[in-house]
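What follows is a short report on a single structure.
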Amino acid sequence: MRELSLHILDAMENSLEAGATLIEVTIVEDLAADWLTITIRDNGRGMSEAQLARVFDSFSTTRSTRHVGLGIPLFKAAAER
24 MRELSLHILD AMENSLEAGA TLIEVTIVED LAADWLTITI RDNGRGMSEA
74 QLARVFDSFS TTRSTRHVGL GIPLFKAAAE R
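Numbered according to this note's numbering, the sequence shown terminates at residue 104, and the numbering increases by one at each position without gaps.
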């Protein structure tokens with residue numbers, strides 16, 4: 024759970040960098056289905072359709088400095104373990 028918490032914090036920091044002034048994190052646990060749903064929403068600048076299509080691809084990023092595009096793929100991998 025600590026690893027997921029760190030990924031959530033990273034996503035929230037990215038939201039702030041994208042101009043978000045409102046960030047909403049929702050975590051829903053379904054014990055019967057052994058399922059955890061994490062939703063992060065913000066009012067930042069958003070992503071294009073092309074960016075959304077590649078959001079889970081490793082090394083896909085729109086940034087030009089210090090970011091390699093592994094945040095969401097690693098978050099997804101941690102959540103699926």
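We treat Cβ as the ideally placed atom computed from N, Cα and C, and that holds for glycine. Since this is a predicted model, take the numbers as computed values, not measurements.
Cβ separation of residue 43 and residue 66, assumed to be a contact under 8 Å, to the nearest whole Å = Contact flag correct, Cβ pair sits at about 5 Å.
Taking residue 28 as the reference, which of 39, 62 and 56 has the closest Cα?
-> In terms of Cα proximity to residue 28, the closest of 39, 62 and 56 is 62.
For residue 48, the nearest candidate out of 56, 54, 57 and 31 (CA to CA) | Among 56, 54, 57 and 31, the Cα nearest to that of residue 48 is on 31.
Cα separation between residue 110 and residue 45?
-> For the chain, the structure presents residues 24 to 104; residue 110 sits outside this window and is missing.
With DSSP as the reference, label residue 25 as helix, strand or coil.
-> In the structure shown, residue 25 falls within a helical segment according to DSSP collapsed to helix, strand and coil.
At which residues does the alpha helix (DSSP H) containing residue 97 begin and terminate?
-> Boundaries of the alpha helix (DSSP H) around residue 97: 94 to 103.
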